[in-house]
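Trainee: If you're matching positions, the sequence shown starts at 1 in full-length UniProt numbering and goes up one per residue.
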Amino acid sequence: MLDLCGIVARSHGYNIRSTFTWLIDQHGGTGPLYSTVPVYQMGVLRIADYLDLHAERAPSNLLKVKALRSSISQREWAAHAAITDIRYGGSNDPERLEIIAEPSSAAQYTSVLRWVEGIQSELDHTWATLGEVYGGVKNLSKLGLRLRRVTSPLQDRDRYSSQRNLSYVPKLAAFRATETALLPLLAKPLYGDRPEVGIRELMQNAIDAVNERKSLQKSGKLSRELAELQYAESLRSIGVDVIIDVCTRGESDNSSLNGVPDDWEHWVEVVDGGVGMTPQTVTDYFLCAGASFRRSLEWQRAFASGKGDGVVRCGQFGIGTLALFLLGDEVCVTTRHYSEERLGTQFRARLSDDEIELKRQVSPLGTSICIRITKEAFESLAGKYDPMRPQRSWDWFCLDSPRILCRIRRGDDIEIRPQSVLVSLNDIDHSEWRTVECDAFDRVIWRPANESWRHRLYANGILVASWHRNFDRNLFSDVTELKQPDVLVIDQSSNLELNLTRNDVIGVPGYKEAVERDALLDHCAWLLAQAGMPANDREPFQAPMWEKQSYMSPGDGVVKGPCYIVTEKGLVPLTAWHVHRAGIRILTTYFTSTNSYISDNKNDQMVHFPPKAIFKQDMLPTAYASFVLDVFGGFGPVSHTNVAIEEFSRLITPIIGQDAEWVLVMPTIIADRLDVKGLRSPQLGGGGIRHLTPAGWSVLGGDSYTDVSSLLSLVLGPNSPIQSNNAIRGFAQMTRHASSSQPKEDKFASVWAELRLPDVLPFDAALRQKQCAHAELMLAKHIARYTKI
1 MLDLCGIVAR
11 SHGYNIRSTF
21 TWLIDQHGGT
31 GPLYSTVPVY
41 QMGVLRIADY
51 LDLHAERAPS
61 NLLKVKALRS
71 SISQREWAAH
81 AAITDIRYGG
91 SNDPERLEII
101 AEPSSAAQYT
111 SVLRWVEGIQ
121 SELDHTWATL
131 GEVYGGVKNL
141 SKLGLRLRRV
151 TSPLQDRDRY
161 SSQRNLSYVP
171 KLAAFRATET
181 ALLPLLAKPL
191 YGDRPEVGIR
201 ELMQNAIDAV
211 NERKSLQKSG
221 KLSRELAELQ
231 YAESLRSIGV
241 DVIIDVCTRG
251 ESDNSSLNGV
261 PDDWEHWVEV
271 VDGGVGMTPQ
281 TVTDYFLCAG
291 ASFRRSLEWQ
301 RAFASGKGDG
311 VVRCGQFGIG
321 TLALFLLGDE
331 VCVTTRHYSE
341 ERLGTQFRAR
351 LSDDEIELKR
361 QVSPLGTSIC
371 IRITKEAFES
381 LAGKYDPMRP
391 QRSWDWFCLD
401 SPRILCRIRR
411 GDDIEIRPQS
421 VLVSLNDIDH
431 SEWRTVECDA
441 FDRVIWRPAN
451 ESWRHRLYAN
461 GILVASWHRN
471 FDRNLFSDVT
481 ELKQPDVLVI
491 DQSSNLELNL
501 TRNDVIGVPG
511 YKEAVERDAL
521 LDHCAWLLAQ
531 AGMPANDREP
541 FQAPMWEKQS
551 YMSPGDGVVK
561 GPCYIVTEKG
571 LVPLTAWHVH
581 RAGIRILTTY
591 FTSTNSYISD
601 NKNDQMVHFP
611 PKAIFKQDML
621 PTAYASFVLD
631 VFGGFGPVSH
641 TNVAIEEFSR
651 LITPIIGQDA
661 EWVLVMPTII
671 ADRLDVKGLR
681 SPQLGGGGIR
691 HLTPAGWSVL
701 GGDSYTDVSS
711 LLSLVLGPNS
721 PIQSNNAIRG
731 FAQMTRHASS
741 SQPKEDKFAS
751 VWAELRLPDV
761 LPFDAALRQK
771 QCAHAELMLA
781 KHIARYTKI
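1) Determine the closest residue to residue 407 out of 400, 393 and 591, with distance taken between C-alpha atoms.
2) CA-CA distance, residue 167 and residue 159?
3) Between which two residues does the beta strand (DSSP E) holding residue 548 run?
4) Just checking, does the region 266-286 make contact with the region 202-209 on the three C-beta pairs under 8 Å criterion?
5) Using a Cβ-Cβ cutoff of less than 6 Å, which residues in the same chain neighbour residue 456 once the five nearest sequence positions on both sides are dropped?
6) Taking DSSP as the reference, what is the three-state secondary structure of residue 126?
7) By a C-beta neighbour count over all protein chains shown, 10 Å radius and 16 as the cutoff for buried, is residue 343 buried or exposed?
8) Evaluate contact between the region 239-249 and the region 349-360, counting only Cβ atoms and requiring at least three cross-stretch pairs below 8 Å.
9) Within 10 angstroms of its Cβ, does residue 5 collect 16 or more other Cβ (buried), or is it exposed?
10) How long is the line joining the alpha carbons of residue 515 and residue 334, rounded to whole angstroms?
11) So which of 690, 282 and 551 has the shortest CA-CA distance to residue 647?
12) Alpha carbon to alpha carbon, how far is residue 376 from residue 386?
13) Between residue 106 and the rest of its own chain, which residues show a CB-CB distance below 7 Å, the 5 nearest in sequence each way excluded?
14) Ordered along the chain, which non-local residues of its own chain (more than five positions away) have a Cβ less than 7 Å from that of residue 118?
15) Is residue 548 buried or exposed, if buried means 16 or more other CB atoms sit within 10 Å of its CB?
16) For residue 410, which residues in the same chain have their Cβ closer than 7 Å to its Cβ, ignoring the five residues on either side in sequence?
17) For residue 778, does the three-state DSSP call read helix, strand or coil?
18) What three-state label does DSSP hand residue 168 in the structure shown?
19) Counting along the chain, where does the alpha helix (DSSP H) carrying residue 579 start and finish?
20) Would you report the Cα separation of residue 503 and residue 664, rounded to the nearest angstrom?
21) Once DSSP output is grouped into helix, strand and coil, what is the label at residue 332?
22) Pull up the distance between the alpha-carbon of residue 518 and that of residue 748, whole angstroms please.
23) Can you tell me whether residue 361 is helix, strand or coil according to DSSP?
24) Hey, how far is the Cα of residue 602 from the Cα of residue 546?
25) Excluding the five sequence neighbours on either side, which residues of its own chain have a C-beta within less than 6 Å of the C-beta of residue 507, listed in chain order?
26) Would you grab the beta carbon distance between residue 577 and residue 746 for me? Rounded to a whole angstrom, and I think it's under 8 Å.
27) Nearest by alpha-carbon distance to residue 15: which of 221, 96, 114 and 101 is it?
28) Check whether the Cβ atoms of residue 734 and residue 660 sit closer than 9 Å, and answer yes or no.
29) Quick check on residue 434: buried or exposed, where buried means 16 or more other Cβ atoms within 10 Å of its Cβ?
30) Is the separation between the beta-carbon of residue 267 and that of residue 200 shorter than 9 Å?
31) Taking the C-alpha atoms as reference points, what is the distance between residue 675 and residue 534?
32) Less than 8 Å between the CB of residue 561 and some heavy atom of the ligand ADP, yes or no?
33) What separation, rounded to the nearest whole angstrom, lies between the Cα atoms of residue 44 and residue 330?
34) Counting only the same chain and skipping the five closest in sequence on each side, list residues whose C-beta sits under 6 Å from that of residue 395.
35) Which of the three DSSP states, helix, strand or coil, is assigned to residue 784?
36) Buried or exposed: which applies to residue 527, given that a residue is buried once 16 or more other Cβ atoms fall within 10 Å of its Cβ?
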């Protein structure tokens, strides 16, 4: 009996007849059960729910203090507020219900009319169902409702409008795209000749359908066991929710058994275990570009809760039909809605068809779409997999649920296309992804990108864009040292504004500030962890979210700087603000290389500078840092050495100041390649080159620095703080002017100050814990990713 009560209580959310199978299987029938009439009770419940729509149900004073998040609730309350009276029966027609309303807008007018039509539809359905179930049952054949008809003066629009002298037209207008000739005209200019975009649109629809099915199962409106037994065998046999195949025939191919026409040589097939489509959904939405079922009132009532726990949609714009014609001009569709018993809908159509016949046939639950494609489209989609260019490889989805499988099929030969990014939203804390709070979205997570210069954005699991920071979009343009992140936004309310082609964000992304701040906090935590490591284990070039580098003239190379400076007492971030705050006057930098262009022998393969600290912690008379001069080109108009030194100067000068005094020491064989007069760096171009003792070393700049030989001895002698001189290819010592002004505080400095971090992060553990206690508390979740302080 309790089980029966539950199905009656839930029944008003879906078709009464859809409960018949369950009633028969579980209780042996649909008629009187346990001295109750459950089908009758279902009908009464749904009609009563519809009729509870008087204005008293939507008091305006409550709206003043309570904002409605759900668009459905907003429309419902507007309809309730417009209704002034409900009149039952009368001597002429006792089975009639009349709804009197005073709508103040076309939207309210339309909402009330929809209510009237909805109630009439429910009455018709309920009366028909009662007759079907109880018509042949003795003593219950006359079981019915008091009401049969619902009317309203609003149904006669012209008369009502003229009598009330309305200030609005009592009908909503809308744009429609109905001509099939418009579809190719829209598709090509929007997306170009890119079949992978067509796959994205079909993938989005399939994923949305599966998410809807899972939502119904979670709410108890759909039996998990019953539904999963009715999916396509191709899905059930391998345990996935969506299969996307890009196919061509082979010698032993048997695709025609799966409904693919024999005359097709190449095609795309998308099979999903989702909710499926009814014939009405196919005609009104699937085949109508821009008519999104997932924006309809019916869909939102079923799946948009307004509480943040509704179904998250991948698709937004209702342009799935356009996707078909990015792939080909002929399609075969088989679909069955979860409310349908055995028969689904099947059709085959060309873009040029004026009329499409929908056939009814026994079908598995869900949807299968096959699109005929050209040989060129197949070769484009079946090209070499490139995880760094996911769009070209139609690697669009990054979540582990729903489970999708992408394949290239050449007859019986199958190549699986993996997901290059796979995120489990239920296990973020044990992954490389970080969660940030962002009010605009349901959830935002990010990670350091595999390519530091490329920022990927995923919206509800679907890849939106992969931007290059130098050419497309730099998310952290105001903190240039930050690497680019990969960002995943879960956005149930579609607050992330995307352009129509879904490959860019309109304006500044709403997650920017939150992710940027979290990246800076993450970097602070990494620096604290570095300070606590033994000297030989530090990795100044390996920060997850920070890189200090400057690219040389086109094609020549890059100067890579460390993330921090090593001093006797601790670490200092390599920024102008931190160097000034720490009071560093003298900075000694060392150069290493990964190639032979600046070595003394072109056949000498340089040993790559290891990403570890090379300084002896107990022998630091000043501040030290190491730089990599990576010269890998040969296309510039001047020598590699000139380019490397100038680029190093451009990188370090903003940190130490324009007025710092320089001494640049390098092997003579390298110095002889310099075009001193051609140097554009004012710090270095004023003087000539002086050869030093011991032989083989030369100095540039530092005319007032008289003790260069002592400096060289300090650096290369037995008391040098350098662990090994083998990788050193020169060094520079810069002395900052004592009167240098305090650099402007940037976002990194602001976060540093907020965390109350000291000017120098101490190597001493006890001192570090004392001076960084506040930061340790604020950065607890970030520090957990690295080493304990």
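Glycine residues also receive a C-beta, built at the ideal position from the N, C-alpha and C atoms.
Mentor: Let's see:
1) Counted from its first residue, the sequence shown places residue 407 at position 407. Among 400, 393 and 591, the Cα nearest to that of residue 407 is on 393.
2) Walking along the sequence shown from the start, residue 167 turns up at place 167. Walking along the sequence shown from the start, residue 159 turns up at place 159. If I take the Cα positions, the gap works out to 14 Å.
3) In the sequence shown, residue 548 corresponds to position 548, counting from 1. First-last of the beta strand (DSSP E) with residue 548: 548-551.
4) yes
5) Residue mapping note: residue 456 aligns to position 456 of the sequence shown, counting from 1. Closer than 6 Å at the Cβ level, and outside the excluded window around residue 456, lie 466 and 486.
6) Taking the sequence shown and counting its residues from 1, one reaches residue 126 at position 126. Residue state, collapsed to three classes: helix.
7) Numbered from 1 along the sequence shown, position 343 holds the residue referred to as residue 343. By the neighbour-count rule (16 or more Cβ atoms within 10 Å), residue 343 is not buried but exposed.
8) no
9) Residue numbering aside, residue 5 sits at position 5 when the sequence shown is read from its first letter. It counts as exposed.
10) As a position in the sequence shown, residue 515 is number 515, starting the count at 1. As a position in the sequence shown, residue 334 is number 334, starting the count at 1. So the alpha carbons of these two residues sit roughly 43 Å apart.
11) One-based indexing of the sequence shown puts residue 647 at position 647. Per the Cα distances, 551.
12) Stepping through the sequence shown from its first residue, residue 376 is reached at position 376. Stepping through the sequence shown from its first residue, residue 386 is reached at position 386. If you take the alpha carbons of residue 376 and residue 386, they lie about 19 Å apart.
13) Your numbering for residue 106 matches position 106 in the sequence shown. The answer, listed in chain order, is 168, 169, 170, 171 and 172.
14) Walking along the sequence shown from the start, residue 118 turns up at place 118. Here the set comprises 50.
15) As a first step, residue 548 must be located in the sequence shown, where it is residue number 548. Residue 548 should be labelled buried.
16) As a working mapping, residue 410 is identified with position 410 in the sequence shown. Cβ within range, chain order: 248 and 250.
17) Residue mapping note: residue 778 aligns to position 778 of the sequence shown, counting from 1. Looking at residue 778 - three-state DSSP - the assignment turns out to be helix.
18) Start at 1 with the first residue of the sequence shown, and residue 168 comes out as number 168. In this structure, residue 168 counts as coil in the three-state DSSP scheme.
19) For the purposes of this step, residue 579 is taken as residue 579 along the sequence shown, with counting starting at 1. Looking at the DSSP string, the run of the alpha helix (DSSP H) that includes residue 579 is 576-581.
20) The count along the sequence shown starts at 1 and reaches residue 503 at position 503. The count along the sequence shown starts at 1 and reaches residue 664 at position 664. C-alpha separation (whole angstroms): 48 Å.
21) The sequence position of residue 332 within the sequence shown is 332, counting from 1. Correct three-state label for residue 332: strand.
22) The residue given as residue 518 occupies position 518 in the sequence shown. The residue given as residue 748 occupies position 748 in the sequence shown. So the alpha carbons of these two residues sit roughly 11 Å apart.
23) Locating residue 361 in the sequence shown gives position 361, counting from the first residue. Strand.
24) Walking along the sequence shown from the start, residue 602 turns up at place 602. Walking along the sequence shown from the start, residue 546 turns up at place 546. Low local confidence applies: a pLDDT of 38 at residue 602 is under 50, so the model's placement there is unreliable, and no value is given.
25) The residue given as residue 507 occupies position 507 in the sequence shown. Excluding sequence neighbours, residue 507 sits near nothing in its chain.
26) Taking the sequence shown and counting its residues from 1, one reaches residue 577 at position 577. Taking the sequence shown and counting its residues from 1, one reaches residue 746 at position 746. Between residue 746 and residue 577 the Cβ distance is about 7 Å, and since that is below 8 Å, they are a contact.
27) Position 15 of the sequence shown holds residue 15. The shortest C-alpha separation from residue 15 is found at 221.
28) Here residue 734 is taken as the residue at index 734 of the sequence shown, counted from 1. Here residue 660 is taken as the residue at index 660 of the sequence shown, counted from 1. Yes, the Cβ-Cβ distance between residue 734 and residue 660 is below 9 Å.
29) Taking the sequence shown and counting its residues from 1, the one referred to as residue 434 is at position 434. Label assigned to residue 434: buried.
30) Locating residue 267 in the sequence shown gives position 267, counting from the first residue. Locating residue 200 in the sequence shown gives position 200, counting from the first residue. No, Cβ-Cβ distance for residue 267 and residue 200 is not below 9 Å.
31) By one-based count along the sequence shown, residue 675 stands at place 675. By one-based count along the sequence shown, residue 534 stands at place 534. Whole-angstrom Cα-Cα distance: 41 Å.
32) Of ligands this structure carries none, so the ligand ADP is not represented either.
33) Position 44 of the sequence shown, counting from 1, holds the residue named residue 44. Position 330 of the sequence shown, counting from 1, holds the residue named residue 330. Roughly 47 Å between the two C-alpha positions.
34) Here residue 395 refers to the residue found at position 395 when the sequence shown is read from its first residue. Contacts found: 420.
35) Residue numbering aside, residue 784 sits at position 784 when the sequence shown is read from its first letter. Three-state DSSP puts residue 784 in coil, outside helix and strand.
36) For the purposes of this step, residue 527 is identified with residue 527 of the sequence shown, where counting begins at 1. By the neighbour-count rule (16 or more Cβ atoms within 10 Å), residue 527 is buried.
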